[in-house]
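Using the working numbering, you'd call the opening residue of the sequence shown number 8 and step up by one each time.
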Amino acid sequence: MYTKIKETAAWLRERMPNAPTTAIVLGTGLGQLAERIERILSIPYSDIPNFPVSTVEGHAGELIFGRLGGKDVMAMEGRFHYYEGYTMQQVTFPVRVMYELGIKTLFVSNAAGGTNPNFKIGDLMIITDHINYMPENPLHGPNIPTGPRFPDMSEAYSHELIAQADSIAAKHGIKVQHGIYLATQGPTYETPAEYRMFARLGADAVGMSTVPEVIVAHHCGIRCFGMSVITDLGGTDNPVKVTHEEVLRAAEAVQPLMTTIMEELIKN
Ligand code: HPA
């Protein structure tokens, strides 16, 4: 796999129009941020050697090189989820390539179900820590020498970036929650009993992404910052249905706030 990573990085390096040290994984809630990037070059994933082939109908995904908040950035529009059937190595392949290309800071977003009883639909949550509840760890297998065999995880989400995000949010009067994100393999949303279990395990929100990418980025010494949009609430006394459409609608509504925080963080 290491050879493939190097190969893909070399292919991209020949085509890259700029030299970003910042990368963004545009998950749910950050579609609007994608529009704010002044694009210089967009490459469909299907054109990039060794990149996983997207299974999602509709948009296949693109790697974007451009400028945001006066900085060179590289952004993934569309990510690879474990529930789609990719291996953990495929899910995290783009992050490995980012490291080879010189990325030092990674911004990620996602939609998540709130398990913290104080959360409301539409809340923004700064991820302060995570629980890997997926069935596998993306570092499983021979150690790729970007980091140690047994990596420290005491600060997977940069405390410094969290503090900066807090002051940006305060400055703009944006209310943000802090919380622990638990990643499941999906694709089912949780039963009410599972939401309650995850709350007891210490999770504030539950989703199906982000953790694999952050583990690999952290192993590569890349600083990470992540935010969740709370799109639904489970485990209450009156459980309600969760649908993908509602998740997208809730995320849409708070997009501008998440975009403001991310853009200003990147600018700073
Ligand atoms: N559970 C898991 N993933 C999710 C949820 C959820 O409730 N909401 C959005 N993504």
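Every residue gets a Cβ at the ideal spot worked out from N, C-alpha and C, and that includes glycine.
Here the C-alpha atom of glutamine 184 lies approximately 31 Å from the C-alpha atom of tyrosine 93.
Inter-residue distance for threonine 28 and phenylalanine 157 is about 25 Å (C-alpha atoms, whole angstroms). When DSSP states are grouped into helix, strand and coil, phenylalanine 87 belongs to the coil group. Uninterrupted beta strand (DSSP E) stretches at least 3 residues long and entirely within the region 123 to 211 occur at 131 to 139, 183 to 190, given in chain order. Within the same chain, Leu131, Ala172, Ile175, Ala176, His179, Ile181, Val183, Met234 come within 8 Å of isoleucine 268 by CB-CB distance, once the 5 residues on both sides are set aside. If you check the C-beta of glutamate 197 against ligand 1, you find a heavy atom less than 8 Å away. Following the DSSP letters along the chain, one finds alanine 30 inside the beta strand (DSSP E) bounded by residues 29 to 33. Note that the C-beta distance between isoleucine 50 and arginine 22 is below 9 Å. For proline 51, DSSP records a beta bridge to Glu69.
For leucine 48, the CB contacts under 8 Å within the same chain, skipping 5 residues up- and downstream, are Arg22, Met23, Pro24, Ile71, Phe72, Gly73 in chain order. Ranking Glu107, Glu45, Gln96, Asn57 by CA distance to the CA of glycine 77 puts Glu45 first.
At least one heavy atom of ligand 1 is found less than 8 Å from the C-beta of glycine 241. Cβ neighbours of glutamate 143 within its own chain (closer than 6 Å, five residues either side excluded): Met95. Residues of the same chain with a CB within less than 6 Å of the CB of arginine 103, apart from the 5 flanking positions on each side, are Ile12 in chain order. If the five residues before and after glutamate 84 are omitted, its C-beta is found closer than 7 Å to the C-beta atoms of Leu33, Ala41, Gly68, Glu69, Ile71, all from its own chain and listed in chain order. For the options Leu108, Thr122, Thr135, Gln97, the alpha carbon positioned closest to that of aspartate 239 is the one of Thr122. The straight-line gap separating the alpha-carbon atoms of tryptophan 18 and aspartate 136 is approximately 34 Å. In this structure, glycine 193 lies near tyrosine 89, with their beta-carbon atoms less than 9 Å apart. In this structure valine 80 touches isoleucine 31 by the C-beta definition: roughly 6 Å separates them, less than 8 Å. DSSP places phenylalanine 232 inside the beta strand (DSSP E), whose first and last residues are 230 to 240.
By a beta-carbon distance limit of 8 Å, histidine 225 contacts methionine 160. Their separation comes to about 7 Å. Between valine 249 and tyrosine 196, the CB-CB gap stays under 9 Å.
One Cα belongs to methionine 8, the other to glutamate 220, and the distance between them is close to 16 Å.
Cβ-Cβ distances below 8 Å link proline 149 to nothing in the same chain once the five nearest sequence neighbours on each side are left out.
For phenylalanine 114, the enclosing beta strand (DSSP E) begins and ends at 112 to 121. Remark: the C-beta of threonine 135 is outside contact range of ligand 1, defined as less than 8 Å to any heavy atom. Between lysine 111 and the set Gly241, Ala257, Ile229, the nearest pair of CA atoms involves Ile229. When only Cα atoms are considered, arginine 86 and glycine 38 end up about 12 Å apart. For glutamate 45, DSSP records a beta bridge to Arg74.
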